[in-house]
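S.K.: Okay, here's the structure, questions in a sec.
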Amino acid sequence: RDANSTAMADRFGDQSPRQGGDSLPTVGPMRRDRRYRQVTVNQLQQYESMRRNKGVRKHRKAVDFCPTIITHLRKRMFQRDARDRRALFPQKSYRQDLEPMFAYSNPAMAFTTRYIHTSMNKQRAPLHCCSWTPDGRRLITASHHGELTLWNGKEFTFEHLEPAHKHPIRAMTWSPDDMWMITSDDEGILKYWQISMTNVKEFEGHREPIRDITFAPTSKKFATCSDDRTIRVWDFEECKMEQTLKGHGWDVKSVDWHPTKGLLLSGSKDNTIRLWDPRSENELCKIHAHNNLISSVRWSPNGLWFLSASRDQHVKIWDIRNLKSFRTFIGHKKEVTTIAWHPSIEEVFSSGGYEGSVNFWVVDQTNPQASILNAHDHSVWSMDWHPLGHVLATCSSDKSAKYWGRNLPGDDMKDVYNASQLPENEKRQAYMELAEEARNNPKTSFRRRNKILSGLNELQGEDQEDANAEEAIPGMGSAKTAKVDAKQIQDLFKESSTKKDSQKKDGFDTRNHRGREFNRDRKSRGRFGDQRRDMRRDIEDPQNFPPSNRPPPLRVSQDPLPSAAAPAPAPAQGQAQAQAQVQVQVQVQAEADSQALTASRASFREVSQGGNLEGEDEGEGGGRDRDR
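Sequence positions in the sequence shown follow the UniProt record's numbering and run 1 to 628.
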């Protein structure tokens with residue numbers, strides 16, 4: 001109460017009440033401080049509505065629990081080199097000694113396999129590309145609807161939605177001076193954006209979809225590639241095309257400018273990589289790199305290597321000094337869609353696949369050093385590292401953007417994303433625990449269920465020791481001494497079907513009314529539905545029973561009670577008389593059972609309307625009985 005009143009006073013306390021307006025005397029904690037004057041009714045209502053809409057502030061996701069940059073600055077004056085750095089042990093108490101990524105030389109510190117958060121806006125659409133702002137405070141994602149979405153880089157919450165293009169956005173990049181961003185779409189339109197997300201320029205760059213954009217190191221020029229088989233070099237300030245590079249025989253899917261030199265690198269659908277001089281239209285080199293489409297090419301930060309990713313499921317690294325590939329990375333099960341170098345550790349890069357996986361690689365090793373096998377449900381189209389290198393953002397056609405961080409000291413890594421990184425003796429145990437947890441906590445949620453109903457759904461032959469009832473409620477279960485009455489069950493089925501038909505005629509759908517509470521997913525409903533149909537068919541048609549279990553035919557006469565004036569039967573009619581007596585007994589028993597059924601239903605209705613038992617646990621009755 002003190003915090004709320006203080007916030008209200010800070011917002012409205014300096015304003016004097018209106019002349020002639022309604023005002024309230026200060027009440028509660030505000031009376032203690034004389035600097036705060038009275039507030040009007042309108043101001044109080046405005047504050048209450050603001051507080052009610054804002055609600056309780058949630059705890060934000062924590063990537064690093066301690067400020068790693070401050071820790072590094074505080075300790076570096078006492079460290080001569082990396083050997084003086086305090087060792088990290090697998091205990092949570094060592095998290096306070098964690099330093100930023102650039103302080104470590106071990107590439108294993110750059111593997112961000114810990115799941116942090118998933119961002120998905122209301123305008124759900126496949127995401128084609130994502131990029132961090134130069135200061136790392138926001139993540140920008142581009143969707144298939146032509147919208148740019150800004151996400152908070154600290155709390156991973158939604159901030160702003162900008163309708164940027166009329167067509168799907170295919171590429172976006174920031175200038176090296178961190179002042180401008182360029183986006184492109186499927187119609188070949190280019191747009192300039194300031195860091196405040198203000199659009200200042202729009203023009204047509206190609207007549208076909210623009211697949212990639214790259215800036216020169218000086219931020220004065222940029223290059224674009226398109227499905228029209230060309231690469232164009234542009235003057236940024238004048239928005240004027242300077243060169244058109246032609247040579248590829250098919251769509252150009254990726255282009256990248258050298259980090260320090262005037263050299264362009266491009267990859268195409270014709271399975272070739274080409275090097276270009278942006279000052280002329282001459283092709284410097286042509287490399288037959290892969291056996292299928294080349295989806296992405298990227299220069300390394302040191303300028304000596306470049307990567308190429310292809311649809312043939314391979315990633316290759318090339319040396320610019322001899323134009324030869326010295327390593328082939330194999331680990332994806334489908335085509336490789338995107339690659340990204342780590343910003344601070346030059347020998348580490350990541351790749352995303354069409355199957356939704358994310359792999360982390362080291363230049364010296366051909367196998368992935370860390371993997372997130374099920375990062376997304378669909379293909380990963382783009383990924384971008386945070387400028388500090390401690391968070392990796394990925395976007396996919398499953399309409400979501402996900403954030404991945406490095407594992408902290410003390411993490412057991414037994415979650416669904418990190419279980420594949422454990423040793424073989426621990427991996428199996430982790431998978432078994434995950435499977436057991438999935439069985440015990442299914443995704444389907446059920447409503448609150450009365451405890452009275454939880455004990456009435458026991459099947460005959462299961463848990464009969466706990467059954468205390470001497471008789472069974474017809475249609476709801478059975479006791480030890482209960483006997484199966486085929487005719488009674490048949491009558492129940494007929495009554496149920498008649499009731500459902502009448503409800504459907506009246507416009508009442510029983511499936512929508514009770515299906516959410518008692519039915520499971522579609523597969524289980526179909527399986528149990530087949531069993532119910534088989535049971536009903538067997539009961540209605542006794543010929544479907546096996547010969548050993550087939551009940552005798554029951555025939556009820558039109559006149560159940562014998563007449564008093566009826567003559568004595570002849571000896572030849574002895575068998576018919578015995579059969580008539582059996583029919584009379586069956587009819588009397590059926591009437592008695594019907595009366596008992598009516599009474600039990602009435603009592604059951606009274607008990608069920610009484611509500612839940614006192615002290616009932618919410619999740620004790622529902623899920624376990626449905627699983628059974």
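Note that CB positions come from ideal geometry on N, CA and C, so glycine has one too.
Predicted, not measured: the structure shown is a model, and the values here were computed from it.
Mind checking who L142 pairs with in its DSSP beta bridge?
M.R.: The identity of residue 142 in the sequence shown is Ala, whereas the question assumes Leu. In the DSSP output, where bridge partners are listed per residue, A142 has C129 and L148.
S.K.: Would you give the residue range spanned by the alpha helix (DSSP H) that K427 belongs to?
M.R.: E424 to N440
S.K.: Assuming S300 and M101 are in contact, meaning their beta carbons sit under 8 Å apart, how far apart are those beta carbons, in whole angstroms?
M.R.: Actually they do not touch by this definition, with Cβ atoms about 17 Å apart.
S.K.: DSSP puts P163 in a beta bridge; with which residues?
M.R.: E147
S.K.: Starting from the Cα of I213, find the closest Cα among I169, L293 and Q194 and give me that residue.
M.R.: I169
S.K.: Leaving out the 5 sequence neighbours to the left and right, which residues in its chain are closer than 6 Å to S382 when beta-carbon positions are compared?
M.R.: C129, C130, T338 and C395
S.K.: According to DSSP, simplified to helix, strand and coil, what is residue 641?
M.R.: Here the chain covers residues 1 to 628 and nothing more, so residue 641 does not appear.
S.K.: Can you tell me which of the three DSSP states A375 falls into?
M.R.: coil
S.K.: H390 CB to nearest chain D CB: under 8 Å?
M.R.: Included in the structure is just one protein chain, with no chain D present.
S.K.: Helix, strand or coil: how does DSSP classify H288 here?
M.R.: strand
S.K.: Does the Cβ of W276 have 16 or more other Cβ atoms within 10 Å, making it buried, or fewer, making it exposed?
M.R.: Classification of W276: buried, given that the 10 Å Cβ count is 16 or more.
S.K.: For N121, I'd like the list of residues in its chain whose CB is within less than 7 Å of its CB, leaving aside the five on either flank, ordered along the chain.
M.R.: T149, F158 and L161
S.K.: Apart from the five residues just before and just after H288, which ones in its own chain have a Cβ nearer than 7 Å to its Cβ?
M.R.: Same-chain partners within the cutoff: N271 and T272.
S.K.: Apart from the five residues just before and just after N291, which ones in its own chain have a Cβ nearer than 8 Å to its Cβ?
M.R.: N271, S310 and D312
S.K.: Quick one: complete alpha helix (DSSP H) runs, 4+ long, within the region 346-420?
M.R.: none
S.K.: Exposed or buried, which one is A164 when buried takes at least 16 other CB atoms within 10 Å?
M.R.: buried
S.K.: Is the distance from the Cβ of I372 to the Cβ of Y431 below 8 Å?
M.R.: no
S.K.: Assuming V297 and S254 are in contact, meaning their beta carbons sit under 8 Å apart, how far apart are those beta carbons, in whole angstroms?
M.R.: Indeed, because the Cβ distance is near 5 Å, the residues count as touching under 8 Å.
S.K.: Compare the Cα-Cα distances from H342 to each of H117, A393, H314 and D377 and report the closest residue.
M.R.: A393
S.K.: Suppose you measure from the CA of I294 to the CA of S226; what does that come to, to the nearest Å?
M.R.: 14 Å
S.K.: Just list the beta strand (DSSP E) runs in the UniProt repeat "WD" (162-196), keeping only unbroken ones of 3 residues or longer that don't cross its boundaries, in chain order.
M.R.: Considered as a whole, the UniProt repeat "WD" (162-196) harbours 169-174, 180-185 and 189-194 as its complete beta strand (DSSP E) runs of no fewer than 3 residues, in chain order.
S.K.: Over the uninterrupted beta strand (DSSP E) stretch that includes H314, give me the two end residues.
M.R.: H314 to D319
S.K.: Thinking C-alpha only, which one of A340, P278, V363 and I330 is nearest D319?
M.R.: V363
S.K.: Is the beta carbon of L265 sitting closer than 8 Å to the one on D256?
M.R.: yes
S.K.: DSSP three-state call for D64: helix, strand or coil?
M.R.: coil
S.K.: So, for V380: in the same chain, excluding its five sequence neighbours on each side, which residues have a beta-carbon less than 7 Å away from its beta-carbon?
M.R.: T337, T338, G352, G353, G356, V358, T394 and S396
S.K.: Does L264 come out as helix, strand or coil in the three-state DSSP assignment?
M.R.: strand
S.K.: Since W404 and T68 are thought to touch, with beta carbons under 8 Å apart, how far apart are those beta carbons, to the nearest angstrom?
M.R.: In fact, because the Cβ distance is near 17 Å, the residues do not count as touching under 8 Å.
S.K.: Is the CB-CB distance between E204 and I189 below 8 Å?
M.R.: The Cβ atoms of E204 and I189 sit closer than 8 Å to each other.
S.K.: What are the start and end residues of the beta strand (DSSP E) that includes F78?
M.R.: No residue range can be given for F78, since it is assigned to no beta strand (DSSP E) and is classified by DSSP as neither H nor E.
S.K.: Taking only three categories from DSSP, how would you classify Q91?
M.R.: If DSSP states are grouped into helix, strand and coil, Q91 belongs with coil.
S.K.: Pull the bridge partners of S280 from the DSSP assignment, please.
M.R.: Answer by DSSP bridge pairing: none, since S280 is not bridged.
S.K.: Could you tell me which residues DSSP puts in a beta bridge with W257?
M.R.: L264
S.K.: Please return the same chain residues whose Cβ sits closer than 6 Å to the Cβ of H332, not counting the five positions on each side in sequence.
M.R.: Once the five neighbours on either side are set aside, the close Cβ partners of H332 are Q313 and G353.
S.K.: To the nearest angstrom, how far is the alpha carbon of K220 from that of L88?
M.R.: 45 Å
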